[in-house]
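Participant: Remember, the numbering used here sits 10 above the position in the sequence shown when you count from 1.
Don't be surprised by glycine CBs; every beta carbon is placed ideally from N, CA and C.
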Amino acid sequence: MATHGSSTMDGEVEVSEDAIIQRQKKERKELLAHIQKLKHAVPKGDKKKKKEMAEQVAALEAEITQRHETELEEFKTHGAKVEEVIDKLGLLGSGDQGETTPAQTDLEVKQKKASKAQKRREKKANQSREREERIKEQATESLTGARHTETRTIKSLLQKRGLQIHEIYSDGNCLYNAITHQLVPRGVQSSNEILRKQTADFMRGHEDDFLPFLTKLDTGDPYSPDEFQNYCNDIASTSAWGGHLELRALSHVLRLPLEVIQAEGPAILVGEEYSDNSPVILTYHRHAFGLGEHYNSVKEKQPDTQEDGFS
11 MATHGSSTMD GEVEVSEDAI IQRQKKERKE LLAHIQKLKH AVPKGDKKKK
61 KEMAEQVAAL EAEITQRHET ELEEFKTHGA KVEEVIDKLG LLGSGDQGET
111 TPAQTDLEVK QKKASKAQKR REKKANQSRE REERIKEQAT ESLTGARHTE
161 TRTIKSLLQK RGLQIHEIYS DGNCLYNAIT HQLVPRGVQS SNEILRKQTA
211 DFMRGHEDDF LPFLTKLDTG DPYSPDEFQN YCNDIASTSA WGGHLELRAL
261 SHVLRLPLEV IQAEGPAILV GEEYSDNSPV ILTYHRHAFG LGEHYNSVKE
311 KQPDTQEDGF S
């Protein structure tokens with residue numbers, strides 16, 4: 011029986027696309043954590059180190075994106091990868107031997123196996139060379155492409171207001187952690203966990219104001235009341251990413267306007283009814299890491315210092 015799957019670095023065979031995707035998600039989170047360490051290791055004001063770090067980050071992002079795409083393509087097409095997995099499972103040897111006729115010598119069998127192994131090595135080497143070229147191309151594009159342009163635009167908008175980016179760790183909690191950072195100068199002590207619970211409780215208590223705006227990504231069908239409750243449970247107890255509905259709930263919870271600055275289009279103001287108070291200011295990045303959308307906080311512009319956001 012044929013076995014379709016992909017093999018992890020530890021030698022564990024993944025036999026479903028879902029297993030591969032879950033492992034890739036874990037690798038992306040680990041990469042984001044590594045990127046944060048690289049950032050904080052750069053001395054403030056050291057532009058050369060900052061540029062080197064940015065290039066390294068771009069290369070890492072490009073490599074993991076290309077590798078993940080290649081893994082899924084190989085899983086779907088069942089090329090040489092399948093044969094390698096079968097070899098690892100020990101399911102191929104008996105079949106080869108079963109096809110061997112009495113006229114075949116041991117030398118012929120060895121030559122046949124060596125030929126297959128050589129083809130696999132050559133294919134792998136070609137794929138590796140192609141991947142390296144794509145990594146170099148994507149690394150260059152990352153420094154001049156969408157992410158770079160977006161960050162430059164946001165920094166320019168903030169500079170006009172005497173502000174700069176304050177980078178927030180990208181782990182699904184960025185919206186809540188960015189707002190928590192903004193609350194500190196106002197003398198309000200909060201946390202990601204507190205804001206999540208307050209958001210979920212407010213949305214549950216005002217179901218009619220939020221449920222009509224929730225639809226399923228795959229079908230476009232509206233959420234049922236039970237699905238809405240599950241959505242709120244995820245807000246409170248997981249690292250589910252927050253968007254416009256959560257911003258609306260948070261503006262009511264905090265009784266503050268929330269202003270979101272973005273590179274594409276005008277700033278978005280949520281909670282206009284609380285405009286007697288100065289707004290909490292966030293930045294919204296569509297291309298922050300090439301791994302998903304992201305929110306950052308802001309702080310007063312410091313002269314001649316390195317900003318937290320990538321340039």
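Give me the Cα-Cα distance between E73 and T225, rounded to the nearest whole angstrom.
Facilitator: Answer to the nearest angstrom: the Cα atoms are 34 Å apart.
Participant: Ordered along the chain, which non-local residues of its own chain (more than five positions away) have a Cβ less than 8 Å from that of Q312?
Facilitator: Q174
Participant: According to DSSP, is T248 part of a helix, a strand, or is it coil?
Facilitator: coil
Participant: Distance check for Y179 and V95, CA to CA, integer angstroms please.
Facilitator: Its pLDDT being 49, under 50, V95 is placed unreliably by the model, and the measurement read from it follows with that caveat. Roughly 37 Å between the two C-alpha positions.
Participant: Can you tell which of L205, V194, Q199 has its C-alpha closest to the C-alpha of N183?
Facilitator: Selected option, being the one with the closest Cα: L205.
Participant: Where does E160 land, buried or exposed, given buried means 16+ other C-beta within 10 angstroms?
Facilitator: buried
Participant: When the Cα atoms are used, what is the spatial distance from S104 to E40?
Facilitator: Residue confidence is low: S104 scores 44 on pLDDT, short of 50, so the model does not pin down where it sits. Its coordinate-derived value is still stated next. Their Cα atoms are separated by approximately 40 Å.
Participant: Taking the alpha helix (DSSP H) that Q331 belongs to, which residues open and close that run?
Facilitator: Past the edges of the chain, shown from 11 to 321, lies residue 331, and the structure says nothing about it.
Participant: Residues in the same chain with beta-carbon distance under 7 Å from D28, minus the five sequence neighbours each way, listed in chain order, please.
Facilitator: Within the same chain, D28 has no close Cβ partners at all.
Participant: Count the other CB atoms, across all protein chains shown, that sit within 10 Å of the CB of A51; report buried if there are 16 or more and exposed otherwise.
Facilitator: exposed
Participant: Could you check whether Y284 and S307 sit closer than 8 Å to each other, using their CB atoms as the reference points?
Facilitator: In this structure, Y284 does not lie closer than 8 Å to S307 by Cβ.
Participant: Provide the residue span of the alpha helix (DSSP H) that contains Y186, from first to last.
Facilitator: 184-193
Participant: Whole-angstrom Cβ separation of H297 and A156, contact assumed at under 8 Å?
Facilitator: With a beta-carbon spacing of about 4 Å, H297 and A156 fall inside the 8 Å limit used to define contacts.
Participant: Within the continuous alpha helix (DSSP H) that includes L221, where are the two ends?
Facilitator: Unbroken run through L221: none, as it is neither H nor E.
Participant: Per DSSP, what are the beta-bridge partners of H50 in this structure?
Facilitator: Answer is none; H50 lacks a bridge partner.
Participant: Just the C-alpha distance for K49 and A127, rounded to the nearest angstrom, thanks.
Facilitator: K49 and A127: Cα-Cα distance of roughly 42 Å.
Participant: Under 8 Å between the Cβ atoms of Q192 and I271?
Facilitator: no
Participant: Spatial neighbours of L168 within its chain, please: C-beta separation below 8 Å, excluding the five flanking residues on both sides.
Facilitator: Correct list, in chain order: Q174, I175, I271, T293, V308, K311.
Participant: Consult DSSP for Q312 and reduce its assignment to one of helix, strand or coil.
Facilitator: coil
Participant: Please list the terminal residues of the continuous beta strand (DSSP E) segment that includes N279.
Facilitator: The amino acid occupying residue 279 in the given sequence is Leu; Asn does not appear at that position. Note, L279: beta strand (DSSP E), 278-280.
Participant: Does the separation of the CB atoms of F212 and L255 fall below 8 Å?
Facilitator: Result no, Cβ atoms of F212 and L255 do not sit closer than 8 Å.
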